[in-house]
Amino acid sequence: MDDIHYAQQRPRILEHPADAVAAREEPLTLNCKAAGRPTPEITWFHNGTPLVPSERRVVLPEGSLFFLR
Numbered sequence: 001m002d003d004i005h006y007a008q009q010r011p012r013i014l015e016h017p018a019d020a021v022a023a024r025e026e027p028l029t030l031n032c033k034a035a036g037r038p039t040p041e042i043t044w045f046h047n048g049t050p051l052v053p054s055e056r057r058v059v060l061p062e063g064s065l066f067f068l069r
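Position 53 (the sequence shown) corresponds to 53 in the UniProt record's numbering; numbering is contiguous.
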């Protein structure tokens with residue numbers, strides 16, 4: 001069986017996060033989508049420090065950031 005090789009593609013952002021405002025107790029999603037080969041990994045930062053998931057903050061599989069109430 002022949003091996004299949006795919007050409008690499010430079011990562012590109014398909015959807016940039018937009019400015020958003022939510023009431024204090026409301027959930028909020030910041031969307032970010034990227035494409036490339038291999039599939040890019042999206043990392044979120046706050047003041048230069050990577051954000052880690054917590055009980056109030058979840059990084060969704062496609063890379064968006066979801067803030068719980």
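From the three backbone atoms N, C-alpha and C, an ideal C-beta is built for every residue, glycine too.
Source: prediction; values computed, not measured.
Classify I42 as helix, strand or coil using the three-state DSSP reduction. Three-state result, I42: coil.
Have a look at E62, F67, W44, E15 and flag the residue whose alpha-carbon is nearest the alpha-carbon of E55. Relative to the Cα of E55, the nearest Cα in the group E62, F67, W44, E15 belongs to F67.
Taking 7 Å as the limit between beta carbons, can you name the residues of its chain near A34, skipping five residues before and five after? Result list for A34: P11, R12, I13, L14, P40, I42, G63, in chain order.
Simplified DSSP assignment, three categories, for G63: Coil.
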